[in-house]
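Enquirer: In this text, residue positions in the sequence shown follow the numbering used here: the first is 75, and each later residue adds one.
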Amino acid sequence: ALVERRLGTIYNDQGELGKSERRWKRALEITRKYQQLSPESLPLIDDLVTSLCALGELAAGREDVSSAMMYRKEAIWGLERLSKEQPEEPWYSEQLDATRAWLETQRQ
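#1: Is there contact here, the region 109-116 with the region 125-143, by at least three beta-carbon pairs under 8 Å?
#2: Please classify E162 as buried or exposed, where buried requires at least 16 other C-beta atoms within 10 Å of its C-beta.
#3: Rounded to a whole number of angstroms, what is the C-alpha to C-alpha distance between Q180 and A142?
#4: Quick one: is W151 near chain D, going by C-beta distance under 9 Å?
#5: What's the C-alpha gap between K93 and N86?
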C-alpha cells in the first residue's frame, strides 16, 4: 500500500489526477484487506485515513461532491481516533477540523 500511496502523491504532484486517483484507490483497497486482520492497528488506521483524505481531495477537486462526502465521512472516525491516540501529531486534528468544516459547508 505504501508504494501505491507514494505513486498517488507523485502523480498528483505531476497533475496526472486520474492516475493519482487509481493509485490511491488501490492503496485503500490493500489497506482495507490488511485492516480486516488487525482492525485496531493504528498504523493501518493511519494508512486508511491518509487514503480516504487523498481520495476526498481528488473527488472534491473534480467536483464529485457525493464521492468527496463519502470519503471524508468515512475518514472522520479514524481521524478522531488518531487525534486522541497521537496528540503530538497535529496533522490528524487539522484534517479532522478541515473535514468537518468542509462537510458543514456541503450541508448548507
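All C-beta atoms, glycine included, are put in the ideal place defined by N, C-alpha and C.
Expert: Judging by the given coordinates:
#1: Flag = no, the region 109-116 and the region 125-143 do not touch.
#2: Counting the other Cβ atoms within 10 Å of the Cβ of E162 gives fewer than 16, which makes it exposed.
#3: Approximately 10 Å, taken between the alpha carbons.
#4: Any reference to chain D falls outside this structure, which holds one protein chain only.
#5: Approximately 8 Å, taken between the alpha carbons.
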